[in-house]
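Numbering (the working numbering), first residue to last: 17 to 518.
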Ligand SMILES: Cc1cc2nc3c(=O)[nH]c(=O)nc-3n(C[C@H](O)[C@H](O)[C@H](O)COP(=O)(O)OP(=O)(O)OC[C@H]3O[C@@H](n4cnc5c(N)ncnc54)[C@H](O)[C@@H]3O)c2cc1C
């Protein structure tokens, strides 16, 4: 062992632990020795199969091309999410939330123009599905990889098998010098400043380090149990706390999108992998018990008579008050979780690690840097929370107590309240988003897609025709442009096959 190096111990070998291990090994291999300790008896959460575009940045940072990891993790490409049955407004029973790309710079102004004037009462096409390239790629099940003769930046994320991704990242971390130890931690010891000194395993071993990363999932073994950092629950604004999960067979051309379908007491995901489809129903146990949810979900999937075994998962929504406390950084589910509707959790893992490295490099753990870091991560959590809460608050479903309670929910943050008030007053919400710094995670265009996609517009009977200036963008022309751009992309399966040959 290099005695000049300090020690990092990462506790937990789920996706969060292994993402952290790889990033640390890349950025700090000369500064720290890194050991990941995980329990042989406590499993990982075993879900979390959709990502946002920044995951590409993670693989690039650790030097892993798609050809190396995607097949091994049964991964597919993702260009966005379709939301189905979240609204009962005519013409708005589904919409697509796209990952934006460079060609959208031409068509997005038309979206903003039309949707803004429609809110002012002009009868224009304001449904977001007409304006973005990713929507067309998803519709045609195309992969978002542009050929060299179409040299535009295309944004995308992935779907993957989370168990296989964990194994892949563990292997990668080992090649970067990360040590791996199997042990269950039962207790910790502290120094006289209240920092964690050692982890105490169930066979009495003491594991010492300078920095500890809590990646123990919902247990929050270090940040919550040992350091007793307070936890702020979001359960009053986000009711879901349970999921039932099934895999089904992948048949035919895989989708290049996640599909989220609202059901009676929550929503169901459909995540296409190379070899199977991941399905889960996220619901609220305050409105529906496990058996009822499983039956509704089986019905939805056409699996009522099948003997496929379901897995039930409980979760909590909220976050810790400080993600970095004393000499401990919480990463992943231990630091908090805003439910999986927009698949943002791994992005938060990545952001937490990268910002921590930045803050620590600058301030070596001094209070000011710790405080700034915590404020920044909290702001990100809260911005994501507001966006997700908005999905539920503006849903026009009233078919169950669950949807009525969501629609009437008064436990929404002041920031979300201000955005909704600004939207309802017919204003451009850009200023409000900037003022609240809420566009740092979901940009303006995402907020606009969410509100327009669910049909938060004046009643159609109040719309007026509008003049030529109002109608300056022609939907047919935009559609010709978007469909023309889409001609450059291969089918999803064809592109996936190229992974083996690249
Ligand atoms: C229903 C659901 C759907 C989700 N969907 C998505 C999604 O689509 N996209 C997304 O990005 N995220 C999603 N997530 C979140 C995602 O699953 C997690 O962020 C991700 O898997 C990381 O989990 P983790 O590593 O923090 O915790 P875990 O996977 O729970 O790992 C915890 C680790 O800690 C170890 N451990 C625990 N206690 C001890 C101890 N005392 N001693 C030693 N080791 C210990 C365990 O052995 C395990 O290795 C979803 C979550 C849920 C609940």
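Even glycine gets a Cβ: it sits at the ideal position worked out from N, Cα and C.
Where does residue i land, buried or exposed, given buried means 16+ other C-beta within 10 angstroms?
i           : result
residue 382 : exposed
residue 420 : exposed
residue 514 : exposed
residue 364 : buried
residue 246 : exposed
residue 422 : buried
residue 40  : buried
residue 391 : exposed
residue 106 : exposed
residue 519 : Any property of residue 519 remains undetermined from this structure, which presents the chain solely from 17 to 518.
residue 452 : buried
residue 450 : exposed
residue 198 : exposed
residue 90  : buried
residue 386 : buried
How is residue i classed by DSSP in three states: helix, strand or coil?
i           : result
residue 281 : coil
residue 198 : strand
residue 167 : coil
residue 271 : coil
residue 394 : helix
residue 17  : Residue placement at residue 17 is flagged as unreliable, the pLDDT there being 48, under the threshold of 50; a coordinate-derived value is accordingly withheld.
residue 467 : helix
residue 502 : helix
residue 227 : strand
residue 292 : strand
residue 433 : helix
residue 384 : helix
residue 209 : coil
residue 427 : coil
residue 93  : strand
residue 480 : strand
residue 422 : helix
residue 143 : coil
residue 301 : coil
residue 379 : helix
residue 75  : helix
residue 173 : strand
residue 507 : strand
residue 321 : coil
residue 66  : strand
Under 8 Å, Cβ to Cβ, is there at least one residue of chain D near residue i?
i           : result
residue 272 : No chain D appears in this structure, which consists of one protein chain only.
Practice item. Decide if the stretch 251-266 is in contact with the stretch 292-306; the criterion is three or more beta carbon pairs, one per stretch, under 8 Å apart. Key: yes
Review point. Between the stretch 271-282 and the stretch 93-107, do at least 3 Cβ pairs fall closer than 8 Å?
Key: yes
Check your understanding: Contact between the stretch 146-156 and the stretch 120-128: three or more CB pairs below 8 Å?
Key -> yes
Point to revise | Start-end ranges of the beta strand (DSSP E) lying completely within the stretch 328-362, minimum 3 residues | key: 334-336, 344-346
Check your understanding: Can we say the stretch 306-324 touches the stretch 195-215, given the rule of at least three CB pairs closer than 8 Å?
Key -> no
Practice item. Could you say if the stretch 66-78 and the stretch 435-445 meet the contact criterion of at least three C-beta pairs nearer than 8 Å? Key: no
Check your understanding: Does the count of Cβ pairs from the stretch 77-84 and the stretch 490-501 closer than 8 Å reach three?
Key -> no
Review point. Quick check: the stretch 235-249 against the stretch 356-372, are there 3 or more CB pairs under 8 Å?
Key: no
Review point. Does the stretch 460-477 come close enough to the stretch 44-60 to have 3 or more Cβ pairs within less than 8 Å?
Key: no
Practice item. Report yes or no: do three or more beta-carbon pairs, one from the stretch 193-207 and one from the stretch 168-182, lie closer than 8 Å? Key: no
Point to revise | Segment contact, 8 Å Cβ cut-off, at least three pairs: the stretch 428-437 with the stretch 399-412 | key: yes
Point to revise | beta strand (DSSP E) segments (min. 3 residues) lying fully within the stretch 100-131 | key: 110-114
Practice item. Check whether the stretch 283-290 touches the stretch 234-242, taking contact to mean three or more Cβ pairs, one atom from each stretch, closer than 8 Å. Key: no
Check your understanding: Should the stretch 454-474 be called in touch with the stretch 402-416, which here means at least 3 C-beta pairs below 8 Å?
Key -> yes
Exercise for review: Indicate whether the contact test is met: 3 or more Cβ pairs, each with one atom in the stretch 210-229 and one in the stretch 63-72, closer than 8 Å.
Suggested key: no
Check your understanding: What are the complete beta strand (DSSP E) segments, minimum 3 residues, inside the stretch 226-260?
Key -> 227-230, 247-249
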